[in-house]
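Novice:
Residue numbers (the working numbering), protein chains in the order written: chain A, 10 to 280; chain B, 47 to 330.
1. Could you check which residue in B:88, B:118, B:253 and B:70 has the C-alpha nearest to that of residue 197 of chain B?
2. For residue 299 of chain B, which residues of its own chain have a beta-carbon under 8 Å away from its beta-carbon, when the five flanking residues on both sides are left out?
3. What are the residues of the region 144-174 of chain B that lie near chain A, defined by any Cβ-Cβ distance shorter than 8 Å?
4. Kindly indicate which residue of B:293, B:105 and B:248 has the alpha-carbon position closest to the one of residue 318 of chain B.
5. Interface residues of chain A around residue 313 of chain B at Cβ under 9 Å?
6. So which residues on chain B does residue 216 of chain A lean against when the C-beta distance must stay under 7 Å?
7. So, under 8 Å CB-CB, residue 218 of chain A and residue 74 of chain A are touching, yes? Tell me the CB distance rounded to an integer number of Å.
8. Under three-state DSSP, which class holds residue 263 of chain B?
9. Once DSSP output is grouped into helix, strand and coil, what is the label at residue 187 of chain B?
10. Please confirm whether residue 179 of chain B has its beta-carbon closer than 8 Å to some beta-carbon of chain A.
11. State the DSSP-derived secondary structure class of residue 129 of chain A, mapped to helix, strand or coil.
12. With C-beta atoms as the reference, is residue 57 of chain B less than 8 Å away from residue 86 of chain A?
13. If you measure from the beta carbon of residue 18 of chain A to each beta carbon in chain B, is any gap under 8 Å?
14. Just mark residue 136 of chain A as buried or exposed, buried being the case when its beta carbon has 16 or more other beta carbons within 10 Å.
15. Taking the Cβ atom as the reference point for each residue, do residue 77 of chain A and residue 199 of chain A lie within a distance shorter than 8 Å?
16. Which residue from B:195, B:290, B:104 and B:274 puts its Cα closest to that of residue 86 of chain B?
17. I believe residue 310 of chain B touches residue 120 of chain B by the beta-carbon criterion, under 8 Å. Please report the beta-carbon distance rounded to the nearest angstrom.
18. Quick one: list the residues of chain A neighbouring residue 64 of chain B, beta-carbon separation under 8 Å, in chain order.
19. Taking the alpha-carbon of residue 187 of chain B as reference, which of B:169, B:195, B:204 and B:201 has the nearest alpha-carbon?
20. Quick one: using the 10 Å Cβ neighbour count with 16 as the cut-off for buried, is residue 181 of chain B buried or exposed?
21. Against chain A, which members of the region 277-299 of chain B pass a CB distance test of less than 8 Å?
22. For residue 133 of chain B, go through chain A and note every residue whose CB falls closer than 8 Å to its CB, in chain order.
23. Measuring CB to CB, does residue 156 of chain B end up less than 8 Å from residue 146 of chain B?
24. Tell me, please, which residues DSSP counts as bridged to residue 89 of chain B.
25. Starting from residue 87 of chain A, find everything on chain B with Cβ-Cβ shorter than 7 Å and list it in chain order.
26. May I have the straight-line CA-CA distance separating residue 204 of chain A from residue 270 of chain A, to the nearest angstrom?
27. What distance in whole Å lies between the Cβ atoms of residue 215 of chain A and residue 265 of chain A, which are believed to be in contact at a cut-off of 8 Å?
28. Less than 7 Å between C-beta atoms, sequence neighbours within five positions excluded: which residues of the same chain meet that for residue 129 of chain A?
29. Considering just the uninterrupted stretch of the alpha helix (DSSP H) at residue 140 of chain B, what are its terminal residues?
30. Using 8 Å as the limit for Cβ to Cβ distance, is residue 149 of chain A near chain B?
31. For residue 45 of chain A, name the three-state secondary structure that DSSP assigns.
32. Apart from the five residues just before and just after residue 151 of chain B, which ones in its own chain have a Cβ nearer than 6 Å to its Cβ?
33. So, with DSSP's three-state summary, where would you put residue 327 of chain B?
34. If we call anything under 8 Å between Cβ atoms a contact, is residue 268 of chain A one with residue 212 of chain A?
35. Counting only C-beta atoms, is residue 301 of chain B closer than 8 Å to chain A at any point?
36. Looking at the unbroken alpha helix (DSSP H) that takes in residue 119 of chain B, where does it start and where does it end?
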């Protein structure tokens, strides 16, 4: 039984390990380890396309995770005091957002936005009051943030609600009985209790956006995120530089995940 | 009370608007477009026709591959995941359990792109085939085969299968196992008559999650199937980004969502029948 478990863990971690190992390979050769070197990291980090894509990915991940966490937490809080149809509608929307495959979300967003821009752009052109060219709507940062934020907002709502379900309600009542205002109760009782959930939700949202390929593939427009860059480079052939980028991407997600997990575990113990 | 209601609505409004604009409306657009015609320069031209749906057969290969490899991948995931979940839930000390569980779930939250890429490396000419060749076991071609896609699938989705089964087994009332053994059942019988039936809700949840995610998979077949093993997702990318046939692509997307919907409904019926089955699974 233990041996079996060990074998499964090896299966899960050897491929990741191989990528990390070969990212430090001195040689170009894909199969032979020819000594330790960090040259591929240097190559990757001085490649302007990689740095551009990295910057896009980080901007989109940060913006979409912040918005998703803010609006998701607000919705999770409000849903506590909502019953009936509105509650059911939101539950259904969260369920759909999580269940519909990323590829369908990506396609749907692409054709809806392209259609919308097709209507709006001539209108903007016609109504533009200033001299010179009117700005045109197009796919890019906005569509990436909006599409990533949709899924991650559903994720944040789920995590924060799970956290609220484990909350001690008597504390809220006690706070109200002792004369605290609703805002005071929220700030001093509710928020500290759900904060680990909010933070974990933010970190997971960031990770999802940073790692997402399929939605970005459709809605990135003229922008390139890091996963989209990696995908198109792999099509041109496997290089050690990709190993270095891949290892860095894995490292970013791992740090985020470990942080999220630690926060949730500590919160669980404190509750 | 008035103010409270107002606040509730204000708090719900941004999320509601976001869901409406970025989820509901786009999905409606896909549905409407699936009855349209292809524009002269690609894209969409308004029409009302069922031609796109009647034409779905022309992408039969993609549907066939998906409907064979997705259930097969789900089954292999289940066979590998069950013993591991059993081990984690019943044979580990609580101290180790948390760490081991986190180790299972962590890969799932890291980039599937990079993880599939790792298998291009391992299954490619200079990876495992070269190793087998050196050992004198022949030099099989692994990359760009259905086998490679299955390996990628199992690698990518195993954690998602382990977790719900683990939750079901962990919640299992251990006294039932003691009772079964006190009444003289050998361990295998206790397993077949107590453990396995009680873990079925977890098995169903895991299979449903893995299966519906596999139905929409694009990346793993694209990376490890090399254009020879393609899924519905690959057909969709081709239709939207290469041939720019939006209406037909929309019809394929609608068909895909319908198959998934049927799966979810079947799952719901199944879990309802399994009375007492709880399906609230969180991935963190």
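A virtual CB, placed ideally from N, CA and C, is assigned to each residue, including glycine.
Specialist: Reading it off the structure:
1. Residue 197 of chain B has its Cα closest to that of B:118, out of B:88, B:118, B:253 and B:70.
2. Sequence-distant partners of residue 299 of chain B (beyond 5 residues in either direction) whose C-beta falls short of 8 Å from its own C-beta, in its chain, are 76, 80 and 282.
3. Hits within the stretch, in order: 144, 146, 148, 149, 150, 152, 153, 155, 156, 157, 158, 159, 160, 161, 163, 164, 165, 166, 167, 168, 170, 172 and 173.
4. Comparing Cα positions, the closest option is B:248.
5. Going along chain A, no residue has its Cβ under 9 Å from residue 313 of chain B, so there is no contact; the nearest lies around 11 Å.
6. Contacts between residue 216 of chain A and chain B, judged by CB atoms closer than 7 Å, involve 155 in chain order.
7. Approximately 6 Å separates the beta-carbon atoms of residue 218 of chain A and residue 74 of chain A; this is inside 8 Å, confirming the contact.
8. Three-state DSSP puts residue 263 of chain B in coil, outside helix and strand.
9. Correct three-state label for residue 187 of chain B: coil.
10. Not one chain A Cβ lies under 8 Å of residue 179 of chain B.
11. In the structure shown, residue 129 of chain A sits in a helix (DSSP, three-state: H, G or I).
12. Against a cut-off of 8 Å, the Cβ pair of residue 86 of chain A and residue 57 of chain B comes out as a contact.
13. Any Cβ of chain B closer than 8 Å to the Cβ of residue 18 of chain A would place that residue at the interface, and such an atom is present.
14. That one is exposed.
15. Contact: no.
16. If we check each option's Cα against that of residue 86 of chain B, B:290 comes out closest.
17. Beta-carbon to beta-carbon, residue 310 of chain B and residue 120 of chain B are separated by about 14 Å, too far to satisfy the 8 Å threshold.
18. Result: 80, 155, 158, 159 and 162.
19. Taking only the C-alpha atoms, the option nearest residue 187 of chain B is B:169.
20. By the neighbour-count definition (other C-beta atoms within 10 Å, threshold 16), residue 181 of chain B is an exposed residue.
21. Contact residues of the region 277-299 of chain B toward chain A are 279, 282, 283, 286, 287, 292, 295, 296 and 299 (C-beta to C-beta distance below 8 Å).
22. Per Cβ cutoff of 8 Å: 10, 11, 13 and 14.
23. The Cβ atoms of residue 156 of chain B and residue 146 of chain B lie no closer than 8 Å to each other.
24. Beta-bridge pairing links residue 89 of chain B to B:291.
25. Ordered by position in chain B, the residues that pass the 7 Å Cβ test against residue 87 of chain A are 54, 57 and 58.
26. Those two C-alpha atoms are separated by around 13 Å.
27. Right, their Cβ atoms sit about 6 Å apart.
28. Excluding positions up to five away in sequence, the list reads 146.
29. Segment 140-151, the alpha helix (DSSP H) holding residue 140 of chain B.
30. Cβ-Cβ to chain B under 8 Å: no for residue 149 of chain A.
31. If DSSP states are grouped into helix, strand and coil, residue 45 of chain A belongs with the strands.
32. So the qualifying residues of the chain are 205.
33. Any reading at residue 327 of chain B is ruled out, since the residue's pLDDT is 43, under 50, leaving its predicted position unreliable.
34. In this structure, residue 268 of chain A lies near residue 212 of chain A, with their beta-carbon atoms less than 8 Å apart.
35. No, residue 301 of chain B does not count as interfacial toward chain A.
36. Residue 119 of chain B: member of the alpha helix (DSSP H) spanning 106-136, first to last residue.
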